[in-house]
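Below is one structure, written out as C-alpha cells; the observations come after it.
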Amino acid sequence: MRNTVKMIMIAAGLTAALATASAASAETRWQQHHPRRAEANHRLANQNRRIRQDRRDGALTGAQARDLHAEDRGIRGQERYDASKDGGHITRAEQRQLNHEENGVSNQIPK
C-alpha cells in the first residue's frame, strides 16, 4: 500500500515538473523569436506594476492612474498592430517609437 502511494506521488510530481518545464520553454522560445516584443511587453508590465504601486501608496490619484493605464493600453495596442503587419515581429524603428512613447508615460509616474 505504501509503495503504491509513493508511486502515485512520484508520478504526480513528475507530471507537474514536466508541465512546468514545457510551459517555461515555450515562453523562452517565443522570447527568442520575438526579442523586441518581449522587451516591449516586459516594460509595459513593469510600468503597470509601478502605476498600481503608486496608486496604492497615494502618489497617484485614481484618475491619474486610469489615464496612465489608458496610455499604456494604447501603446500595447500599437505594439500588437505593428507586430500584425510583420508576421509577429516588430522592427527596430517600431521598437524605438514604442520606447519613446513609454518614456513619456514613465516620466509621468512619480519616482
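Numbering (this note's numbering), first residue to last: 211 to 321. Just so it is clear, CB atoms sit at the ideal spot from N, CA and C, and this is done for glycine as well.
Gly314 - DSSP class collapsed to helix/strand/coil: helix
Contact under 8 Å by Cβ, Asp292 with Glu281: no
N-terminal and C-terminal residue of the alpha helix (DSSP H) that Asp264 is part of: Pro245 to Asp267
For Leu308, the three-state DSSP class (helix, strand or coil): helix
Arg247 vs Glu311 beta-carbon contact at 8 Å: no
Reduced DSSP secondary structure (H/G/I, E/B, other) of Ala275: helix
Rounded straight-line distance, which links the Cα of Thr214 to that of Arg251: The sequence shown places Asn at residue 251, not Arg. About 46 Å.
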